[in-house]
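FYI, the numbering for the sequence shown is -25 to -1, 1 to 169, going by mature numbering (1 follows the signal peptide of the UniProt record, and there is no 0). Cβ atoms here follow ideal geometry from the backbone N, Cα and C, with glycine treated the same way. A short worksheet on the structure shown next.
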Amino acid sequence: MRRTLEKAWGAVLLAATLVAAGCGAGGSGDGASASAPAATVLAAPSALVATGGINKVTLSWDQVLGADFYNIYWSTNPGVTKNTGQKITTSTTPYLQSGLAVSQTYYYIVTAVNDTGESAPSSQAATVVATDGAGLYQNYCANCHGPLASTSIKEGTPDNIKAAIAASRGGMGWLSSFLTSEQIDLIAQQLPCH
Ligand code: HEC
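Have a look at this one:
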């Protein structure tokens, strides 16, 4: 009989401990929950990726729950911070920044903002905006015309390149959907007779 009681008490104590532990985790929330939303600082944006194009960069990151908008801070110097970066405010991801310099490396961080304030910054992303003419040649022309230094192209003027692409000489036609006029100019600057 006594044993049974002890057992029973043990069970009650155990249950009480479990309940107390449960309260410890969630219980203080009773008091704190009223002020919790205001105190919640937004999470820093994650998965920031910067992809360079010609004179433009596309930035994307994972949306932050509760964010009203985002601040992008960019710089041409590494180690960009909220203080050193130039600020762009946007409500959408991905974001396209245009008007950038070719072959320049741009560095970015992003923060999330709502009326509770601004989150900590994301980790930094960097990108080189557009490769230069030599890089473009290597990507698009070297397969068929050989290395830049000994290219088989005889008249590498922008007009000749465009004409060769338009006429799809040697099957070059597919380049029309890849190369902009500006990129062709950049390639031409690397070629003989430009
Ligand atoms: C799929 C292979 C291929 C690729 C890729 C290619 N070409 Fe050509 N291209 C040819 C062939 C074949 C010809 C015709 C043969 C010739 O005239 O030398 C030609 C001709 C040309 C001509 C006219 C002839 C000359 O020598 O002036 C130019 C200019 C030219 N290509 C530039 C380029 C440039 C710039 C690129 C890269 C953006 C490029 N091509 C990429 C195969 C290619």
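Selection from the options that minimises the alpha carbon distance to residue i
i      : options                       : result
LEU150 : LEU161, ALA163, ILE136        : ILE136
ALA117 : SER66, GLN165, PRO96          : GLN165
PHE44  : THR65, THR51, SER50, LYS57    : THR65
LEU71  : ASP134, GLY148, ALA139, SER35 : SER35
ASP134 : SER152, GLU157, THR126        : GLU157
LEU84  : THR15, PHE153, SER50, ALA76   : In the sequence as displayed, the identity of residue 84 is Ile instead of Leu. For ILE84, the nearest C-alpha among the options comes from SER50.
ILE29  : PRO122, ALA76, ALA124, SER127 : ALA76
VAL16  : GLY60, ALA95, ALA142          : ALA95
Cβ pair residue i, residue j closer than 7 Å
i           : j      : result
PRO69       : THR91  : no
ALA87       : VAL55  : no
PRO20       : SER98  : no
residue 208 : ALA100 : Shown here, the chain extends from -25 to 169; a query on residue 208 therefore has no answer.
ASP37       : ALA22  : yes
ASN89       : ALA139 : no
Rounded distance between the beta-carbons of residue j and residue i, thought under 8 Å
i      : j      : result
GLY27  : THR132 : No, GLY27 and THR132 are not in contact; Cβ-Cβ is about 27 Å, not under 8 Å.
VAL82  : LYS62  : Note that residue 82 is Tyr in the sequence shown, not Val. That belief does not hold up - the Cβ atoms of TYR82 and LYS62 are roughly 14 Å apart, past 8 Å.
SER73  : LYS31  : 4 Å
CYS119 : GLY145 : 6 Å
GLU93  : ASN46  : 7 Å
**Segment contact flag, the segment 106 to 124 with the segment 150 to 164, C-beta cutoff 8 Å, min 3 pairs** = yes
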